[in-house]
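Undergrad: Here it is, the structure in full.
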Ligand code: AP5
Ligand code: MG
Ligand code: ZN
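Residue numbers (our numbering): 19 to 233.
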């Protein structure tokens, strides 16, 4: 079970990967979460990543690929994992294929979560995430049980600095230019499965699990 969740900023990759990884008993590996953790720790990786993230740009492939490949050999990835937000460029997709092939492994299904641009903007402007475990919430669509607190861990909720209107626009441009081509890439490889990412969060999750696990 090695899955990739592909979709624009705000399409629900993190929301769905969080729930589905728990249900399937596999790891949830989100490069955005890993970079935010590095930023909050304040080391060299974090300092470098921050300069790109705050502008809505992709962190260079070399840095991102190295971090991801180190992460997926951790013990919690042995049973499988969901990659959320990686790969984001053709170069990253090729590096992943190559590294897995060396271990006689391969990526399984790639779930493309499709959402209209107007809906993406609406979602990102109302998002809050947990400072400790990075679970996403939405002020209207998916509020926490207790205002300002994470349902999962009780952590404090905050707005991501890159969720301001200007940076959201940039992230969407970058997505369409650099990441959207991966849809065709994985379609040609016969790995792409697509779901409608608009509607009830729980129902989308059910459909995603069915789509990912059917023969
Ligand atoms: P990253 O953290 O990956 O951000 P992103 O791709 O912009 O995606 P988001 O996290 O914004 O959206 P999501 O799809 O996870 O949506 P969510 O579930 O939260 O990356 C951040 C930055 O890190 C990048 O800009 C880049 O700089 C760097 N980076 C990361 N990976 C990289 C890589 N591979 N290469 C290079 N650089 C990289 O949901 C959004 C909102 O909608 C939430 O409020 C949620 O509650 C709500 N919602 C979810 N589902 C529904 C629904 N069905 N109906 C209504 N609301 C919903
Ligand atoms: Mg996310
Ligand atoms: Zn939390």
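For glycine and all other residues, C-beta sits at the position ideal for the given N, C-alpha and C.
Hey, would you say the C-beta of residue 95 is under 7 Å away from at least one heavy atom of the ligand ZN?
TA: It does not: the Cβ of residue 95 is nowhere closer than 7 Å to a heavy atom of the ligand ZN.
Undergrad: Restricting to Cα atoms, I'd like to know which of 83, 148, 30 is closest to residue 216.
TA: 30
Undergrad: Please classify residue 56 as buried or exposed, where buried requires at least 16 other C-beta atoms within 10 Å of its C-beta.
TA: buried
Undergrad: With 16 as the cutoff for other CB atoms within 10 Å, does residue 152 come out buried or exposed?
TA: buried
Undergrad: To the nearest angstrom, how far is it from the Cα of residue 79 to the Cα of residue 22?
TA: 17 Å
Undergrad: Could you check if residue 132 belongs to the surroundings of the ligand AP5, using beta carbon to heavy atom distance under 7 Å?
TA: No.
Undergrad: Nearest by alpha-carbon distance to residue 122: which of 161, 233, 114 is it?
TA: Out of 161, 233, 114, 114 has the C-alpha closest to the C-alpha of residue 122.
Undergrad: So is residue 25 buried or exposed if we call it buried at 16+ other beta carbons inside 10 Å?
TA: buried
Undergrad: What are the partner residues of residue 48, as DSSP defines its beta bridges?
TA: 102
Undergrad: Mind checking residue 34: buried by the 16 CB within 10 Å criterion, or exposed?
TA: buried
Undergrad: So residue 49 and residue 82 are supposed to be a Cβ contact under 8 Å. How far apart are they, rounded?
TA: 6 Å
Undergrad: Cβ of residue 22 within 7 Å of any heavy atom in the ligand AP5?
TA: no
Undergrad: Tell me the DSSP bridge mates of residue 58?
TA: The partner list for residue 58 (beta bridge, DSSP) is empty, contrary to what the question assumes.
Undergrad: Is there contact between the stretch 66 to 74 and the stretch 182 to 198, where contact requires at least three CB pairs shorter than 8 Å?
TA: yes
Undergrad: Starting from the N-terminal end, write out each residue whose C-beta falls within a distance shorter than 6 Å of any non-hydrogen atom of the ligand ZN.
TA: 148, 150, 151, 153, 168, 170, 171, 173
Undergrad: By DSSP's criteria, residue 162 is part of a beta bridge. Which residues make up the other side?
TA: Answer is none; residue 162 lacks a bridge partner.
Undergrad: Quick check: what's the CA-CA separation for residue 156 versus residue 146?
TA: 6 Å
Undergrad: With distances taken from CA atoms, which of 160, 39, 150 is nearest residue 140?
TA: 160
Undergrad: Which of the three DSSP states is assigned to residue 169 in this structure?
TA: coil
Undergrad: So, are the CB atoms of residue 144 and residue 133 less than 8 Å apart?
TA: no
Undergrad: Is any heavy atom in the ligand AP5 found nearer than 7 Å to the beta carbon of residue 205?
TA: no
Undergrad: Report yes if the C-beta of residue 191 is less than 7 Å from at least one heavy atom of the ligand AP5; otherwise report no.
TA: no
Undergrad: Using a threshold of 7 Å, is the CB atom of residue 103 nearer than that to any non-hydrogen atom of the ligand MG?
TA: Answer for residue 103: yes, Cβ within range of the ligand MG.
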